[in-house]
Ligand SMILES: Cc1cc2nc3c(=O)[nH]c(=O)nc-3n(C[C@H](O)[C@H](O)[C@H](O)COP(=O)(O)OP(=O)(O)OC[C@H]3O[C@@H](n4cnc5c(N)ncnc54)[C@H](O)[C@@H]3O)c2cc1C
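Residue numbers (the numbering used here): 21 to 435.
Structure below.
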């Protein structure tokens, strides 16, 4: 990995970035009580789209050309960190809609596809989803069994995806299917009204109760040829590039979770007295607090470093697109792109692996500080505990990320 760009990291926020983050903070406070009510009732929070739409958060890193705010990846990560404080459930909506939703189109779709699909998602008229995982292909997407074949002006998809965040109501999603003749995977843009598309809500989840996950059935689903994303056979490269953004959003959200655990735990430890003194005076409680505070810092700066690397990759890609055919340049083998992508990929994997492990551990410590008061879903720390459990599994289970990080160091596939 190259460290030549460390000197280019600058985390100073401009007045515009600060103003935007203050607006995000305001909306988070505005919807806080309703998010809790919806979580306990296990239903979608109907305030999210109008409240966040009003401040542009539904298209934060989407280019202004398509109606977004065009903000950089660090600002987006900071917004996601703040949203993560309100819970991973709320944050997961944005990860699915923007990180592995809109950004996939922004990176890979043709100009015509972007003009058609991105503006409605920024306005909140359409929500996005990313459908990669299958019952028999989780950590190993290359083993997927969903297939496509060409029929006239259309592709016909057969197969099933599951666990798809926002999948019950997303108006547009990307999915990935294999050509049985070549074994190569291609990516497709799927619209809600596609003939042969059916979705079912997945029930009885452990946490993440305001976000809806779906099983998605492609029963000879008809997809017009204009909805091919990228070039034929580029599907896995597109899916893996989406996961860089997905992991970054999980890492940023996990930092927010830990911050909320710290704030909640410190307040509780100062106000709750046992054995004649506040819990905050007990050294074993202080140990929990010190560990959480330290985990926040290590996760936060690793995440910001990963966001800076992702921003450089984005800027490079946009520059290539201005001067020619981006997909063609990849076909010819673009070493500068490969180096920038490898760095962003490795750092996002490290940030997600580290921050998600830390956030589950911190939420566990916070529940311990709260004692029985932390063992009801009405306690924020209890919800963080339940929700952060998923973050070590999705967007690449942490063991698989460890293998990926190790293979970057050792120079060979560790799988
Ligand atoms: C709440 C939630 C939301 C999700 N949202 C989405 C979504 O929006 N879109 C989407 O496409 N998918 C989504 N997923 C699916 C998620 O990405 C997968 O669950 C994840 O990739 C792991 O796959 P799996 O569950 O099939 O586990 P498996 O692949 O069966 O793995 C099980 C365990 O084995 C370990 N393991 C696997 N291979 C190896 C190996 N080679 N060496 C060592 N250990 C290994 C894994 O680390 C894991 O601990 C979601 C999942 C959850 C739980």
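Don't be surprised by glycine CBs; every beta carbon is placed ideally from N, CA and C. Nothing here was measured: the structure is a model prediction, and the numbers come from that model.
Selection from the options that minimises the alpha carbon distance to residue i
{"i": "residue 261", "options": "169, 239, 152 and 244", "result": "152"}
{"i": "residue 272", "options": "320, 49, 350 and 333", "result": "320"}
{"i": "residue 207", "options": "165, 217 and 251", "result": "251"}
{"i": "residue 105", "options": "424, 428 and 383", "result": "383"}
{"i": "residue 157", "options": "391, 245 and 166", "result": "166"}
{"i": "residue 99", "options": "72, 124, 85 and 121", "result": "72"}
{"i": "residue 172", "options": "225, 137, 339 and 242", "result": "242"}
{"i": "residue 414", "options": "248, 367 and 120", "result": "120"}
{"i": "residue 355", "options": "336, 368 and 343", "result": "336"}
{"i": "residue 62", "options": "418, 222, 181 and 254", "result": "222"}
{"i": "residue 192", "options": "170, 211, 198 and 179", "result": "211"}
{"i": "residue 190", "options": "175, 253 and 122", "result": "122"}
{"i": "residue 65", "options": "150, 37 and 113", "result": "113"}
{"i": "residue 428", "options": "311, 369, 195 and 340", "result": "369"}
{"i": "residue 96", "options": "145, 425 and 326", "result": "326"}
{"i": "residue 269", "options": "33, 108, 76 and 89", "result": "108"}
{"i": "residue 144", "options": "76, 339 and 101", "result": "76"}
{"i": "residue 136", "options": "209, 110, 304 and 357", "result": "209"}
{"i": "residue 381", "options": "407, 398, 361 and 238", "result": "407"}
{"i": "residue 155", "options": "45, 346, 179 and 138", "result": "179"}
Close Cβ partners of residue i (< 6 Å) along its chain, the five nearest in sequence each way excluded
{"i": "residue 308", "result": "385 and 389"}
{"i": "residue 418", "result": "373 and 412"}
{"i": "residue 175", "result": "168 and 243"}
{"i": "residue 285", "result": "386 and 389"}
Neighbourhood of residue i by C-beta, 8 Å cutoff - its chain only, sequence neighbours within 5 removed
{"i": "residue 331", "result": "92, 93 and 94"}
{"i": "residue 101", "result": "272, 273, 275, 276, 279, 320 and 323"}
{"i": "residue 84", "result": "90"}
Ligand 3 heavy atom lying under 7 Å from the CB of residue i
{"i": "residue 237", "result": "Inclusion of ligand 3 in the displayed structure is not the case, the ligand content consisting of ligand 1 alone."}
Cutoff 7 Å; reference residue i; Cβ partners in own chain excluding five residues on either side
{"i": "residue 317", "result": "none"}
{"i": "residue 313", "result": "282"}
{"i": "residue 188", "result": "219, 221, 232 and 234"}
Inter-residue CB distance, residue i and residue j (contact presumed, cutoff 8 Å)
{"i": "residue 402", "j": "residue 387", "result": "6 Å"}
{"i": "residue 162", "j": "residue 256", "result": "6 Å"}
Interface flag, residue i vs chain B, CB-CB below 8 Å
{"i": "residue 224", "result": "Note that chain B does not occur in the displayed structure, where there is just one protein chain."}
*Where are the alpha helix (DSSP H) runs, 4 residues long or more, that stay fully inside the segment 300 to 362, in chain order?*
You should have 303 to 343 and 346 to 351.
*asked:* Just to confirm the assignment: which complete alpha helix (DSSP H) runs, minimum length 4, are found wholly within the segment 118 to 195?
replied: Listed in chain order, they are 123 to 128 and 131 to 143.
*asked:* Restricting to runs no shorter than 3 residues, where is the beta strand (DSSP E) found entirely within the segment 57 to 106?
replied: none
_Residue ranges of each alpha helix (DSSP H) within the segment 253 to 293, 4 or longer_ = 255 to 291
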